[in-house]
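Q: One structure is given below, represented as structure tokens, and several questions about it will come after.
Residue numbers (our numbering), protein chains in the order written: chain A, 17 to 172; chain B, 17 to 172; chain C, 17 to 172.
Printed below as a string of structure tokens:
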């Protein structure tokens with residue numbers, strides 16, 4: 017291979033990685049935008065057909081883990097969240113790309129209302145992403161909730 | 017065109033896009049930094065000369081929409097915000113680049129004080145960006161405020 | 017130099033910069049992940065051996081500036097923070113790369129508990145980064161705390 021071809025190969029590899037990481041960051045941002053809009057179909061369209069979502073509540077919580085898999089179950093979960101007027105904000109995104117698969121960590125803070133009362137939540141996602149047809153989707157999201165409490169009470 | 021030239025063209029196109037997106041993310045971060053510094057001139061310098069800023073307050077708010085256009089009006093708006101010690105934090109940035117124009121969505125959370133009282137705000141921007149002389153500026157910002165309330169009260 | 021080589025040079029330069037910026041964003045995200053995990057060794061491993069950390073508390077605070085330098089002192093600082101269950105969230109990142117050195121600004125919001133009570137903090141970092149062996153580390157972090165107050169009280 018010529019020097020020029022080697023440099024092109026190296027550049028293409030690095031650009032591929034950077035573009036993938038940017039697209040994955042936007043996937044999580046787009047997820048937030050759809051949640052904020054309350055667009056259940058829009059949220060679920062960001063997941064692969066066989067994607068799963070697992071939520072871990074904090075130790076001592078009355079709520080156990082909740083897992084959902086596939087379009088139908090995800091639509092059901094997100095339909096139930098619609099009334100909460102969720103405003104999620106993503107931070108601290110770390111991404112590792114391996115070809116058409118990727119893994120990520122990101123923090124989330126959430127402003128919401130539950131039965132007319134302000135709530136505040138925080139936690140992080142451990143994500144698996146998959147590239148399908150040129151775009152990236154969620155293959156799996158695992159949400160570790162630190163707290164999900166009335167705003168007037170806080171997490172103390 | 018040779019294969020090498022085709023690969024170079026494709027790379028240049030993708031790198032152009034990635035670099036623009038990075039610069040636009042930093043534009044919104046720089047805006048926050050200038051707001052935090054309380055540097056009114058610094059804030060307005062991030063907008064094009066004919067830029068506009070439109071703020072939508074929530075339904076039911078006593079406050080109607082507020083629009084400002086051009087340097088003089090923007091300077092006036094930001095001068096009035098100076099006393100609030102605004103600390104804005106940007107999240108969930110989505111950017112679409114089209115040549116020297118771009119559109120974006122980003123969430124914002126704000127810590128501030130009003131008449132000595134802590135306030136908390138949240139909302140999102142729908143932005144238009146324009147490249148001028150190698151750098152990106154705001155052409156238009158439309159802010160949709162979800163709530164802007166005393167911290168002690170919350171958004172419930 | 018041929019036209020192809022010039023284009024390759026220019027591309028390599030720009031990709032180098034974009035990749036560095038991405039890595040530095042992840043460095044600050046990784047820092048947050050290690051803090052959230054409470055992994056003191058993991059946090060300190062993100063700093064160069066002679067790195068320093070300087071914290072400025074707000075004017076009027078009972079607390080003066082605190083500076084630490086080098087692995088041993090940093091380990092001591094972070095050990096003391098372990099009990100607070102800190103959840104830092106980074107925003108508004110601005111990065112300037114100069115070869116193997118870089119400077120940055122980023123905002124931080126923190127949820128924590130102190131003596132069993134919820135606290136909330138906000139501020140920003142002015143960072144110096146250094147590339148070592150292909151990766152980026154913190155050379156110096158200077159934290160400007162805006163407020164660090166009981167959650168029930170707020171920053172008013």
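For each residue, glycine too, the CB sits at the ideal point set by N, CA and C.
According to DSSP, is residue 234 of chain C helix, strand or coil?
A: Lying outside 17 to 172, the shown extent of chain C, residue 234 of chain C is not represented and no answer is given.
Q: Contact between the region 112-131 of chain A and the region 60-76 of chain A is defined here as three or more beta-carbon pairs at a separation below 8 Å; is this criterion met?
A: No, because fewer than three Cβ pairs between the region 112-131 of chain A and the region 60-76 of chain A fall closer than 8 Å, the two stretches do not touch.
Q: Do the region 21-33 of chain A and the region 25-34 of chain C meet, that is, are 3 or more Cβ pairs less than 8 Å apart?
A: Because the criterion of three Cβ pairs below 8 Å is met, the region 21-33 of chain A and the region 25-34 of chain C touch.
Q: Looking only at its chain, what residues have a beta carbon closer than 7 Å to the beta carbon of residue 163 of chain C, apart from the 5 residues adjacent to it on each side?
A: Taking the first residue of the third chain as position 1, residue 163 of chain C is located at position 147. Excluding residues within five positions, the ones whose Cβ falls inside 7 Å are 74, 137, 138 and 171.
Q: Mind checking if residue 45 of chain B is an interface residue toward chain C, Cβ cutoff 8 Å exclusive?
A: As a working note, residue 45 of chain B is residue 29 in the second chain. Closer than 8 Å: yes.
Q: Is there a Cβ from chain B that is less than 8 Å from the Cβ of residue 154 of chain A?
A: Residue numbering aside, residue 154 of chain A sits at position 138 when the first chain is read from its first letter. By this cut-off, residue 154 of chain A is not an interface position.
Q: What residue range does the alpha helix (DSSP H) around residue 86 of chain B cover?
A: The sequence position of residue 86 of chain B within the second chain is 70, counting from 1. That run of the alpha helix (DSSP H) goes 86-97.
Q: Which residues in chain B have a C-beta closer than 8 Å to the C-beta of residue 40 of chain C? List them in chain order.
A: Locating residue 40 of chain C in the third chain gives position 24, counting from the first residue. Within 8 Å Cβ-Cβ: nothing; residue 40 of chain C doesn't reach chain B, min ~12 Å.
Q: Can you confirm whether residue 19 of chain B, when its beta carbon is compared against all beta carbons of chain C, has any partner nearer than 8 Å?
A: Locating residue 19 of chain B in the second chain gives position 3, where the first residue counts as 1. Cβ-Cβ to chain C under 8 Å: no for residue 19 of chain B.
Q: Determine the direct distance from the alpha carbon of residue 58 of chain C to that of residue 71 of chain A, and round the result to whole angstroms.
A: The residue given as residue 71 of chain A occupies position 55 in the first chain. The residue given as residue 58 of chain C occupies position 42 in the third chain. Whole-angstrom Cα-Cα distance: 26 Å.
Q: Starting from the beta carbon of residue 106 of chain A, find every residue of chain B whose beta carbon is closer than 9 Å, and list them in chain order.
A: As a first step, residue 106 of chain A must be located in the first chain, where it is residue number 90. Result: 107, 108 and 123.
Q: Please state the DSSP three-state secondary structure of residue 167 of chain C.
A: Here the question's residue 167 of chain C lines up with position 151 in the third chain. DSSP places residue 167 of chain C in coil when its eight states are reduced to three.
Q: For residue 27 of chain B, go through chain C and note every residue whose CB falls closer than 7 Å to its CB, in chain order.
A: By 1-based counting over the second chain, the position of residue 27 of chain B is 11. The contacting residues are 27.
Q: Give the secondary structure of residue 151 of chain A by DSSP, where H, G and I count as helix, E and B as strand, and everything else as coil.
A: Taking the first chain and counting its residues from 1, one reaches residue 151 of chain A at position 135. Reduced to three states, the DSSP call for residue 151 of chain A is strand.
Q: Residue 132 of chain C: which of C:50, C:150, C:38 and C:168 sits nearest, CA to CA?
A: Here residue 132 of chain C corresponds to residue number 116 of the third chain, with the count starting at 1. The option with the nearest alpha carbon to residue 132 of chain C is C:168.
Q: Establish whether the CB of residue 57 of chain B and some CB of chain C are separated by less than 8 Å.
A: Against the second chain, residue 57 of chain B aligns to sequence position 41. Not an interface residue.
Q: Can you confirm whether residue 34 of chain A, when its beta carbon is compared against all beta carbons of chain C, has any partner nearer than 8 Å?
A: Mapped onto the first chain, residue 34 of chain A falls at position 18. Yes, residue 34 of chain A lies at the interface with chain C (some Cβ there is under 8 Å from its Cβ).
Q: Have a look at the DSSP bridge pairing and note the partners of residue 44 of chain C.
A: Within the third chain, numbered from 1, the residue matching residue 44 of chain C stands at position 28. Looking at the DSSP assignment, residue 44 of chain C forms no beta bridge with any residue, so it has no partner.
Q: If you draw a straight line from the C-alpha of residue 25 of chain A to the C-alpha of residue 45 of chain A, how long is it?
A: Position 9 of the first chain, counted from the first residue, corresponds to residue 25 of chain A. Position 29 of the first chain, counted from the first residue, corresponds to residue 45 of chain A. So the alpha carbons of these two residues sit roughly 30 Å apart.
Q: Listing by chain order, which chain C residues have their CB less than 8 Å from the CB of residue 103 of chain B?
A: Here residue 103 of chain B corresponds to residue number 87 of the second chain, with the count starting at 1. What residue 103 of chain B touches in chain C: 123, 138 and 162.
Q: Locate the beta strand (DSSP E) running through residue 120 of chain B, then write down its first and last residues.
A: Within the second chain, the letter at position 104 stands for residue 120 of chain B. Where residue 120 of chain B is concerned, the enclosing beta strand (DSSP E) stretches over 117-130.
Q: Going by DSSP, which residues form a beta bridge with residue 52 of chain C?
A: Locating residue 52 of chain C in the third chain gives position 36, where the first residue counts as 1. Answer by DSSP bridge pairing: none, since residue 52 of chain C is not bridged.
Q: Would you call the CB atoms of residue 106 of chain B and residue 124 of chain B closer than 8 Å?
A: On the second chain, position 90 is the one that residue 106 of chain B refers to. On the second chain, position 108 is the one that residue 124 of chain B refers to. Yes, they are a contact pair.
Q: At the 8 Å Cβ level, is residue 94 of chain A part of the contact set with chain B, yes or no?
A: Here the question's residue 94 of chain A lines up with position 78 in the first chain. It does not; no Cβ of chain B falls within 8 Å.
Q: On the CB-based measure, 16 or more other CB atoms within 10 Å of its CB, does residue 99 of chain C come out buried or exposed?
A: Mapped onto the third chain, residue 99 of chain C falls at position 83. Per the 10 Å Cβ criterion, exposed.
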